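Chemist: Next up is a structure, given as structure tokens.
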Amino acid sequence: MISEVIILNDYASLTGGSSAVAIASALGLASRGVAVTYFSAVGPVAPQLVDVPGLQVICLDQQEIAKDAKRLRAFTSGLRNGAAVTALRALLATKDPARTIVHAHTWMKALSPFALEEVTARGFRLVVTLHDFFITCPNGGFFDYKRGRICRRKPLSPDCLGCQCDRRNYGHKLWRSARTALQNKVLRLPSKVSLYIGVTDFSLDIMRPYIPASIPATVVRNPVDCVDERPADNAANDTFLYIGRFVPEKGPQLFAAAARAAGVPATFIGDGELMADLRRMCPEATFTGWLQPAEIRAHLRRARALVFPPLWYETLGLVAIEAAASGVPPIVADRCAATDYIQHGKTGLMFTHGSVQSLTDRLTAVARDDELASRLGREAYQWYWDDPWTTERHVTDLIDAYQSSLEQLVATANHATT
């Protein structure tokens, strides 16, 4: 019986989708009477984690390795964060491996692979949620940043090692490759995990060739606690919406070019390195910067459709799910993880991955056809609210996955002794 869960995550605050899931699961598990310890390296601690019954927070107040001005320290702690290992060892010494699950969400930005090695070395069952592709790919994305396209090289193969695909430079690519080799070839962490949790079948299928077939893997939907405000009257709106970071792999330039070609109004919510380029490409667009959830929901209700145009795979794409919950149809690239949930012609539309012309055609079709826009919006809304992605549902599925993996481990052990 599982009585306690230790959650490992680089960050103690809401820095992105993976941290949002880690925090939501910590709160949800604690509300079910499971004792939870949230262990992180980088602060500050999110307010919602403070003073929660049954929830302990340990935050080491370290820096993310990418932001550490002392580069030698960042280089070494990125391989092995000694302070994190020592603190985690002290925590694990107070816990019972037979009754405690350790669930890792992110570790490559601060905690380091040795934190996970400490867990398995002390006999604890390790669960890993695959929010990204770092379990196998050195840059975490199966993406060639220099060429702006999906990478299909085998991780750590000669072809991979010879390719400068990193966002920064080849030296950084080699360091990341060394870290992945340490994680996978020396520590052999992928074979020591008790359960892998994917966030979509799409992303899990990409990683299956690189994780041991003998280890259970399942999909648990992320929590997306949306507010039911009835479906938006999206056919009465004319603006197409982008939400996310302004970085090449997210595809905002693709959207800007297509919106300009289709002659449709565009709104960009977010910020990032491509801001100047996007303003130049689409000077008539609206740029809001980062907004609070309630403000984003308000913009969604004023949108005709959401555009989700990533050039890389993604592992989910929560904004497409949030748009559907508002009754705003998503228009998504046909080779990204959001395709697991968006049905072309029913709850949204797909366009050819990376194609400005294909996206332009989709924008034009939705802009000109009120009936199409309205029908897609209604169907998207109905799809989400027929089975909403609540934290309650997420935690139930999570506990079921924990219990199922435990039963499988017991059955395997019993079989080995007979």
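Quick note on the numbering used here: the sequence shown kicks off at 1 and runs consecutively. Quick reminder that beta carbons are idealized off the backbone N, C-alpha and C, glycines included. As the structure is a prediction and not an experimental result, all values here were calculated from the model.
Between which two residues does the beta strand (DSSP E) carrying residue 3 extend?
Modeler: Indexing the sequence shown from 1 puts residue 3 at position 3. It is not in any beta strand (DSSP E) - residue 3 carries neither H nor E in the DSSP assignment.
Chemist: What is the DSSP secondary structure of residue 489, counted as helix, strand or coil?
Modeler: There is no way to answer for residue 489, as the model of the chain reaches only from 1 to 418.
Chemist: Mind reading off the beta-carbon distance from residue 330 to residue 337? Whole number of angstroms is fine, and I expect it under 8 Å.
Modeler: Counted from its first residue, the sequence shown places residue 330 at position 330. Counted from its first residue, the sequence shown places residue 337 at position 337. Contact doesn't hold; Cβ gap of about 12 Å is too wide.
Chemist: Quick one, which of 317, 303, 318 and 387 has its alpha-carbon nearest residue 363's?
Modeler: Position 363 of the sequence shown, counted from the start, is the residue given in the question as residue 363. That would be 303, whose Cα lies nearest to the Cα of residue 363.
Chemist: For residue 223, does the count of other Cβ atoms within 10 angstroms reach 16, so buried, or fall short, so exposed?
Modeler: The sequence position of residue 223 within the sequence shown is 223, counting from 1. Under this definition residue 223 is a buried residue.
Chemist: Give me the Cβ distance between residue 6 and residue 22, rounded to the nearest whole Å; I'm assuming they're in contact under 8 Å.
Modeler: Here the question's residue 6 lines up with position 6 in the sequence shown. Here the question's residue 22 lines up with position 22 in the sequence shown. Their Cβ separation, rounded to whole angstroms, is 11 Å, which puts residue 6 and residue 22 out of contact at 8 Å.
Chemist: Do the region 29-38 and the region 119-126 meet, that is, are 3 or more Cβ pairs less than 8 Å apart?
Modeler: These segments do not touch.
Chemist: Excluding the 5 residues flanking residue 397 on each side, which residues of the same chain have their C-beta closer than 8 Å to its C-beta?
Modeler: Position 397 of the sequence shown, counted from the start, is the residue given in the question as residue 397. 220 and 221, listed in sequence order.
Chemist: Inspect the CB distances between the region 299-319 and the region 224-241 and report whether three or more fall short of 8 Å.
Modeler: As far as the Cβ criterion goes, the region 299-319 touches the region 224-241, which means the pair count is three or higher.
Chemist: Just to confirm the assignment, what range does the alpha helix (DSSP H) spanning residue 327 have?
Modeler: Reading the sequence shown from its first residue, position 327 is the one you call residue 327. Premise fails: residue 327 is in no alpha helix (DSSP H) and is neither H nor E.
Chemist: For residue 143, name the three-state secondary structure that DSSP assigns.
Modeler: If you number the sequence shown from 1, residue 143 lands on position 143. Looking at residue 143 - three-state DSSP - the assignment turns out to be strand.
Chemist: Could you have a look at residue 59 and say whether DSSP puts it in helix, strand or coil?
Modeler: On the sequence shown, residue 59 is found 59 positions in, with the first residue counted as 1. Strand.
Chemist: Kindly list the residues whose CB is nearer than 8 Å to the CB of residue 400, restricted to its own chain and excluding five residues on each side of it in sequence; keep chain order.
Modeler: On the sequence shown, residue 400 is found 400 positions in, with the first residue counted as 1. Within the same chain, residue 400 has no close Cβ partners at all.
Chemist: Please state the DSSP three-state secondary structure of residue 24.
Modeler: Position 24 of the sequence shown, counted from the first residue, corresponds to residue 24. It is helical.
Chemist: Just grab the DSSP bridge partners of residue 333 for me.
Modeler: The residue labelled residue 333 in the question sits at position 333 within the sequence shown. The partner list for residue 333 (beta bridge, DSSP) reads 351.
Chemist: What first and last residue would you give for the beta strand (DSSP E) that runs through residue 196?
Modeler: Here residue 196 refers to the residue found at position 196 when the sequence shown is read from its first residue. Note, residue 196: beta strand (DSSP E), 195-198.
Chemist: Pull up the distance between the alpha-carbon of residue 390 and that of residue 162, whole angstroms please.
Modeler: Position 390 of the sequence shown, counted from the start, is the residue given in the question as residue 390. Position 162 of the sequence shown, counted from the start, is the residue given in the question as residue 162. Residue 390 and residue 162: Cα-Cα distance of roughly 44 Å.
Chemist: Just to confirm my understanding: we take residue 351, look at its own chain, exclude 5 residues before and 5 after, and list those with CB closer than 6 Å. What are they?
Modeler: Walking along the sequence shown from the start, residue 351 turns up at place 351. Once the five neighbours on either side are set aside, the close Cβ partners of residue 351 are 358, 359 and 362.
Chemist: Which stretch, first to last residue, makes up the alpha helix (DSSP H) that contains residue 120?
Modeler: By one-based count along the sequence shown, residue 120 stands at place 120. Start and end: 113-121.
Chemist: Would you list the one or two residues that DSSP bridges to residue 219?
Modeler: Within the sequence shown, numbered from 1, the residue matching residue 219 stands at position 219. Per DSSP, 198.
Chemist: Helix, strand or coil, according to DSSP, for residue 341 in the structure here?
Modeler: For the purposes of this step, residue 341 is identified with residue 341 of the sequence shown, where counting begins at 1. Coil, per DSSP.
Chemist: Given a threshold of 16 other Cβ atoms within 10 Å of its Cβ, counted over all protein chains shown, does residue 132 qualify as buried or as exposed?
Modeler: Numbered from its first residue, the sequence shown carries residue 132 at position 132. The residue is buried, with at least 16 neighbouring Cβ atoms inside 10 Å.
Chemist: Give a yes or no on contact between the region 191-205 and the region 364-372, applying the rule of three or more CB pairs nearer than 8 Å.
Modeler: At 8 Å Cβ cutoff, the stretches do not touch.
Chemist: Rounded to a whole number of angstroms, what is the C-alpha to C-alpha distance between residue 235 and residue 145?
Modeler: As a position in the sequence shown, residue 235 is number 235, starting the count at 1. As a position in the sequence shown, residue 145 is number 145, starting the count at 1. In a straight line, the C-alpha of residue 235 is about 37 Å away from that of residue 145.
Chemist: Taking 7 Å as the limit between beta carbons, can you name the residues of its chain near residue 61, skipping five residues before and five after?
Modeler: Taking the sequence shown and counting its residues from 1, the one referred to as residue 61 is at position 61. The residues are 43.
Chemist: Consult DSSP for residue 75 and reduce its assignment to one of helix, strand or coil.
Modeler: Translated into the one-based positions of the sequence shown, residue 75 becomes position 75. The answer is helix: DSSP assigns residue 75 an H, G or I state.
Chemist: Let me make sure I understand the geometry here. Which of 37, 381, 298 and 270 has the alpha-carbon closest to that of residue 91?
Modeler: Mapped onto the sequence shown, residue 91 falls at position 91. The candidate whose alpha carbon is nearest that of residue 91 is 37.
Chemist: Where does the unbroken alpha helix (DSSP H) through residue 129 begin, and where does it stop?
Modeler: Sequence index remark: in the sequence shown, residue 129 carries index 129 (1-based). Premise fails: residue 129 lies in the beta strand (DSSP E), 125-130, not in any alpha helix (DSSP H).
Chemist: Let me check one thing: in DSSP terms, what residues is residue 149 bridge-paired to?
Modeler: Residue 149 sits at position 149 when you count from the first residue of the sequence shown. For residue 149, which the question treats as bridged, DSSP gives the partners 144.
Chemist: With DSSP run on the structure shown, which of helix, strand or coil describes residue 41?
Modeler: The sequence position of residue 41 within the sequence shown is 41, counting from 1. Residue state, collapsed to three classes: strand.
Chemist: For residue 390, which of helix, strand or coil comes out of DSSP?
Modeler: Along the sequence shown, one-based indexing puts residue 390 at 390. Coil.
Chemist: Suppose you measure from the CA of residue 153 to the CA of residue 229; what does that come to, to the nearest Å?
Modeler: One-based indexing of the sequence shown puts residue 153 at position 153. One-based indexing of the sequence shown puts residue 229 at position 229. C-alpha separation (whole angstroms): 45 Å.
Chemist: Just to confirm, are residue 274 and residue 246 a CB contact at a threshold of 9 Å?
Modeler: Mapped onto the sequence shown, residue 274 falls at position 274. Mapped onto the sequence shown, residue 246 falls at position 246. Their beta carbons are under 9 Å apart, which means residue 274 touches residue 246 by this criterion.
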